[in-house]
Structure formats: structure tokens, C-alpha cells
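Below is one structure; the comments refer to it alone.
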Ligand code: HXC
């Protein structure tokens, strides 16, 4: 894949990626490190953290991995203290750690709801607040990128706690873009459509048939490639997007828009057939 960014683009940055040991978090962490950032990743499990840190270092990058449960405010505060003790002041945050499972909302237990909302919404708030507080006190700028989802806007059946928590993350982003812009702090979201990662697919996509159906919903007729998310993430973390704040950018091959337009089903018909129907209607 050709690198579209200057190779020292993030050389003075220290970027934290929550959930950075696996999946899309790992992709963003490795990419930021390859462009010169010092990267600190966190997660609950040591093993993926060690693997990703090892891979980054092997490629010549700077990385640390620290275990942290983003659901716990104290754990998050201690994590940022340690991250800064090891690699200096944090300058960028990626709120990537997320939890999700398919469930019938009427059957969901309070603990089930908590497990997801606390990871996604509380976790993103705790991390964002830690960074904002430090940046405002120091008088230094900072950037936050949060991973939302396209159904944060539309809602979705069977993933209610994920939908409400991701909608909250988008509202947090917009609120803080207004509140903290004056301190030079920018916050944006990416709302990914379907990107097949082990973590998401094992919980959300039960079989190959469903995966194929999901693909058919995407106008570009394929799933997202991890590097495509990495490209946008790096843009949003870098000074390339220095006047962009409070936005949530869908990265979904057009999936959500295609689901909404009333006449979009014509696209599924052979083009000749569509043209005939249109000609008949015109009379
Ligand atoms: C209903 C469930 C459940 C399920 C767990 N619970 N799985 N309820 N259906 N499938 C309930 C449990 O019964 C329990 O409630 C409560 O949730 C907490 O479960 P625990 O296993 O004790 O919690 P924990 O170990 O913290 O696990 C949390 C988790 C787990 C969310 C269940 O999957 C996790 O940690 N996931 C993190 C990684 C992840 O989910 N990645 C995917 C994100 S992908 P009771 O009442 O029994 O105590 C993503 C992409 C979206 O978000 C876009 C896709 C297109």
C-alpha cells in the first residue's frame, strides 16, 4: 500500500490508542508509530499489548503497552500518569476500545447494558477528560479521535447499548469541540461501516451468509480495508485537519446513505431494466 503521508508527519507526537493491541486499534497504533509518533496502547489483556508493542519496536517505532480498564476512572488516571512518565506529555488520543454483542433489548440484563455503555461511553469520557484536563492546565493543544459507528446516528436493532453509547460519544465530541476549541483542542469521530476484524465479527456476524448480506448493502460492494481507516485516522490526528473539529465522518462505502434513499433499490436491478422502466414512466 503506498504511504500517502510524509514519513515524519507525527514525529513530535505522543499518541494514546485505547484497545490498541488488536483490530483497528492495532492498525492505527502501528500506523501512527510508523509516521514517527511515540505510541502508548492500553487494553485489559497483556498478550495482545505485548505483541503489538513488539511489532512496533521491531519496525523501529516507539511504543509502550500498559494494561488499563477504561471502565474504571482510577485505572484511566493511573494509566495516563504512567504513559506520560514513560514517553512524555500525551498530545493525541484515540478512543478506540469498545464492547459490543448482539442481544434482544427486552432481555438485556442491567450488567449487560453496563458492560457496553461503561466501556464505550464512560471509557471514552474518562480518557478524554484526562487528556483535556492536562492540555488545558499546560496550555498545550491536543487532538482526540473517537471511533463511533454509523448507527450512532440512525440507531440499530439488537445493538442498543452500543448505539446509545456511540451516540453519546458523538455528542461528547461535539460538546467538547465547542467547550475546548479555545484551548486549541480538536475532537472528531470516525463512524466506520463494516470492517471485518476478529473482535467485531466474532460477536456481531454469526455466519458467512450474513457477511455477504452486509456486503450487498454497501454501494462500493466490499468491506472496508484496515488501511483505509488508518488513512483517515492519521489525517484527523495530524495538522492536516487543523481546522476540523466536532465532526463525525462516516467511513462506510456509502452504506448508511444507501439504506435511506427511497429509490435506491433501483440500483439492484440491471441497468437496462431500470432505463426501460424510466422510459415507460416518462411515456
Ligand atoms: C446478552 C450478554 C452477552 C450476550 C455478555 N452478556 N454477553 N448478554 N448477550 N451476548 C452479559 C453477561 O451475561 C453479564 O450480565 C454482562 O453482560 C457482563 O458480561 P461479562 O462477560 O461478565 O463482562 P465482561 O467480561 O466485561 O465482557 C464484556 C463483553 C465482552 C462486552 C461481554 O464481549 C467484551 O469485553 N468485549 C470487548 C471487545 C468487543 O466487544 N469488541 C467488539 C467491538 S466491535 P449478567 O447480568 O449475566 O451479570 C464494535 C463494532 C460495531 O463495536 C460496528 C459493527 C458493524
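In the numbering used here, the protein residues as written are 897 to 1179. By construction, the Cβ of each residue, glycine as well, lies at the ideal position given by its N, Cα and C atoms.
Which residue or residues does DSSP assign as beta-bridge partners of residue i?
i	result
residue 922	Answer by DSSP bridge pairing: none, since residue 922 is not bridged.
residue 1144	1085
residue 1004	For residue 1004, which the question treats as bridged, DSSP gives no partner whatsoever.
residue 936	912, 960
residue 1039	988, 1082
Of all the CB atoms in chain B, is at least one closer than 8 Å to the CB of residue i?
i	result
residue 897	Given the protein chain composition of this structure (a single chain), no chain B is represented.
Distance, Cα to Cα, residue i vs residue j?
i	j	result
residue 922	residue 902	20 Å
residue 951	residue 958	10 Å
residue 1125	residue 1149	11 Å
residue 1036	residue 1102	46 Å
residue 890	residue 899	A query on residue 890 cannot be resolved here, the shown segment of the chain reaching from 897 to 1179 and no further.
residue 1172	residue 1092	38 Å
residue 907	residue 987	11 Å
residue 969	residue 1021	9 Å
residue 1029	residue 1153	37 Å
residue 1131	residue 1075	22 Å
residue 971	residue 943	19 Å
residue 1014	residue 1158	36 Å
residue 905	residue 1177	55 Å
residue 1008	residue 1096	17 Å
residue 978	residue 1060	31 Å
residue 1045	residue 1179	43 Å
residue 1050	residue 1085	16 Å
Which whole-angstrom value describes the C-beta separation of residue i and residue j, a residue pair presumed to lie in contact below a C-beta threshold of 8 Å?
i	j	result
residue 924	residue 990	6 Å
residue 1043	residue 992	5 Å
residue 1087	residue 1048	6 Å
residue 1147	residue 996	With a Cβ gap of about 17 Å, residue 1147 and residue 996 do not count as contacting.
Does DSSP put residue i in a helix, in a strand, or in coil?
i	result
residue 990	strand
residue 979	helix
residue 964	coil
residue 1052	coil
residue 1046	coil
residue 958	strand
residue 1101	coil
residue 1109	helix
residue 973	helix
Handout entry: Cβ pair count under 8 Å reaching 3, the segment 1062-1080 against the segment 1097-1110
Key = no
Exercise for the section: Spell out a yes or no on whether the segment 909-921 and the segment 1138-1157 are touching, meaning 3 or more CB-CB pairs, one atom from each, closer than 8 Å. Expected result: no
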